[in-house]
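Here is the structure we will look at, set down as structure tokens.
There are 2 protein chains.
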Amino acid sequence: MAYKVLVVEDDVTLQETLAYNLARQEYDVVKTGNGRTALTLARKEKPDLIILDVMLPGLDGFEVCRILRQEMSMPVLMLTARAEEIDKIVGLEVGADDYLTKPFSMRELMARAKALLRRVELTREETTAAQTDQPPKPQTAVLTFGNLAIDDGRREVRLNDKPIRMKPKEFDLLQFLARHQGIALSRDLILERVWGWSYDGNSRTVDVHVRWLREKIEPEPSKATRIVTVRGVGYRFDG
Amino acid sequence: MAYKVLVVEDDVTLQETLAYNLARQEYDVVKTGNGRTALTLARKEKPDLIILDVMLPGLDGFEVCRILRQEMSMPVLMLTARAEEIDKIVGLEVGADDYLTKPFSMRELMARAKALLRRVELTREETTAAQTDQPPKPQTAVLTFGNLAIDDGRREVRLNDKPIRMKPKEFDLLQFLARHQGIALSRDLILERVWGWSYDGNSRTVDVHVRWLREKIEPEPSKATRIVTVRGVGYRFDG
DNA sequence: AAAATTGTTAACAAAACCATAACACCAACC
DNA sequence: GGTTGGTGTTATGGTTTTGTTAACAATTTT
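Line order of the protein sequences matches chains X and C.
Just so you know, our numbering puts 20 at position 20 of the first sequence, and the rest follows in order with no gaps.
The number in our numbering is simply the position in the second sequence, starting from 1, with 1000 added.
This is how it looks when you write it as structure tokens:
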């Protein structure tokens, strides 16, 4: 699922640049230039990460961070123009998780945001596994279906322990299908999750890729038993 | 005589903040953002205390600490962003004297630094006369993959027991890949971990370095089997 | 100061990838 | 049995990604 990022920055141009770049990474973006609104939004939207400027009209970034810290635990990345403020930012007093001093490169900001979100991912897996008593599906391990193994870490698919060459999209698609094994998935959903929401194209694309997948993992591609067609809907992966 | 403190932190701003605060306490400060330079400086300057960040480009803090521990005995205070690393830090594996998790307050850091230096003062008095003239015995943590050995301690790569000349970045890169053997690593991740966060350049840089590595460790560089390309992602080291 | 070494970038070549179109097929409904 | 709409299949050309080399800049060594 896409991460949600709250951008709190009163400089309109910077705010938009940030939002644009984050959106390009397929993050959901919520933005505001006001400290008080930031609090409201944070409570309502429960973002996975907050990018927070220090200099804000009204309630400043320090305050916002401090207050949020008492209520929630999402990581906060602070932006500041003054190096002297850093003590305060990463210190106990405010307690941000990371910071950047202006001017900063967008690349670095993205890298750091990504790093913070990686941390979220780890804890998220732990906690969701604890909550649901569903069969815990470790996202990192190897999905195995009989003689078929989908190895996340190596980004490799093996059939009878023999690695099979997969194109990137093929791997992503197979992984997505396999992760939702036994559920009929619509082409639209598949497109959205594997190709990304910004993809604007023909849903027949899925068919073609499914065909290629079948070629590689089905003994008889024309009589598919693993990736089954669900007429009127899309496809379903059966172990 | 004033104490000498070595600050190893790649985040320039934090590095400066640390240096500034230490200098205010009348300590002599030597600083670097690079793990390897840290080793050199430590050997040359023989500081009384080292403040060492874990996340460093190239040689990370764990390594630096581990290597130094075999040669010298000054206290090491480690900085980390992740609570999970603590066991490792204070455990035998790394053996730091103290640690702080980011974010921390400058006040607390200063307090701990002072405490560690107090300990130095005591031992210094006791042992100034009876110095050990035993040369440091570099113990080898060697990653071995068939005929390929990556010697952490000596910072040397051997193919069929014959040392191979490696540029620093090449070694760092190879080491990083080898440490995460069997996992597909994205160019972004590689850049972040080997070149550092603030690196702002082209990800093709990785390609070029990989090429050079392959030239040195692959029998047939164009048909790489050790450093495998994972299309759409990056590279993977297979033993 | 010259020379060697090293890291980075640019530019081009080569390979892989993928969306789409066009047509064939099939299954359900009338 | 024919029609219709959904799905299967294949080929293709444009795009993206990666490989490779060389040149340049920066650094270190001599």
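Even glycine gets a Cβ: it sits at the ideal position worked out from N, Cα and C.
These numbers were taken from a predicted model, which means no experiment stands behind them.
Segments assigned beta strand (DSSP E), at least 3 residues, entirely inside the stretch 1025-1065 of chain C: 1028-1032 and 1049-1053
Distance CB(X/P168)-CB(X/L117) smaller than 9 Å: no
Please name the residue or residues paired with X/E156 in a DSSP beta bridge. X/D151
In chain order, what residues of the stretch 100-114 of chain X put their CB closer than 7 Å to some CB of chain C? T101, S105, R107, E108, A111 and R112
Can you name the residues that DSSP bridges to X/Y235? X/L185 and X/T229
Among C/A1115, C/N1147, C/R1024 and C/E1192, which residue has its Cα nearest to the Cα of C/P1219? C/N1147
Quick one: which chain X residues come within Cβ less than 7 Å of C/G1232? Result: P168.
Residues of chain C with CB under 8 Å from X/G153, in chain order? G1182, I1183 and A1184
Assuming X/V7 and X/L56 make a contact with CB atoms under 8 Å, what is their CB distance in whole Å? Incorrect: roughly 12 Å between the Cβ atoms, too far for contact.
Please go through the same chain and pick out, in chain order, the residues whose beta-carbon is closer than 8 Å to the beta-carbon of C/E1063, but skip the five residues on each side of it. G1035 and D1152
Measure the C-alpha to C-alpha separation of X/V12 and X/G232 and round it to an integer number of angstroms. 46 Å
Per DSSP, what kind of secondary structure is C/D1207 in: helix, strand or coil? helix
Quick one: residues in its chain with C-beta nearer than 8 Å to the C-beta of X/A81, no 5 flanking neighbours on either side, listed in chain order? The residues are V54, M55, T101 and K102.
Starting from C/D1200, find everything on chain X with Cβ-Cβ shorter than 7 Å and list it in chain order. S105, R107 and E108
Give me the Cα-Cα distance between X/E108 and X/R204, rounded to the nearest whole angstrom. Taking the straight line from one Cα to the other gives about 38 Å.
With 9 Å set as the bound, which would you pick, yes or no: does the beta-carbon of C/T1013 sit closer than that to a beta-carbon of chain X? yes
Interface residues of chain X around C/E1215 at Cβ under 9 Å? Going along chain X, no residue has its Cβ under 9 Å from C/E1215, so there is no contact; the nearest lies around 24 Å.
With DSSP run on the structure shown, which of helix, strand or coil describes X/M78? strand
Under 9 Å between C-beta atoms, does X/F176 make it to chain C? no
Excluding five sequence neighbours on each side, which residues of the same chain lie with their C-beta closer than 7 Å to the C-beta of X/L14? Here X/L14 has no same chain residue with a Cβ atom under 7 Å from its own Cβ, once five neighbours each way along the sequence are excluded.
Going along chain X, which residues have a C-beta under 8 Å from C/R1236? Chain X residues near C/R1236: R154 and R155.
Cβ of X/D161 less than 9 Å from any chain C Cβ? no
Of the listed residues C/H1209, C/T1032 and C/T1225, nearest to C/F1171 (C-alpha basis): When C/H1209, C/T1032 and C/T1225 are compared, the shortest CA-CA separation from C/F1171 is found for C/H1209.
Distance, Cα to Cα, C/V1030 vs C/N1202? 31 Å
Start-to-end residues for the beta strand (DSSP E) that takes in X/D98: Counting along the chain, the beta strand (DSSP E) containing X/D98 begins and ends at D98 to T101.
Taking the C-alpha atoms as reference points, what is the distance between X/L189 and X/E26? 15 Å
Inter-residue spacing [alpha-carbon to alpha-carbon] between X/T225 and X/E215: 12 Å
In chain X, which residues lie with their C-beta within 8 Å of the C-beta of C/E1192? A111 and A115
Whose C-alpha, out of X/Y235, X/R112, X/Q70 and X/L159, is nearest the C-alpha of X/L39? X/Q70
Can you check whether the C-beta of X/F171 is within less than 9 Å of a C-beta belonging to chain C? yes
Taking buried to mean at least 16 other C-beta atoms within 10 Å of its own C-beta, is X/V142 buried or exposed? exposed
Considering only DSSP beta bridges, list what X/F145 is partnered with. X/L148
Hey, how far is the Cα of X/T229 from the Cα of X/I217? The alpha-carbon of X/T229 is positioned some 15 Å away from that of X/I217.
So is C/D1053 in contact with chain X if we call contact Cβ pairs under 9 Å? Cβ-Cβ to chain X under 9 Å: no for C/D1053.
Would you mind reading off the limits of the beta strand (DSSP E) that contains X/P219? Unbroken run through X/P219: none, as it is neither H nor E.
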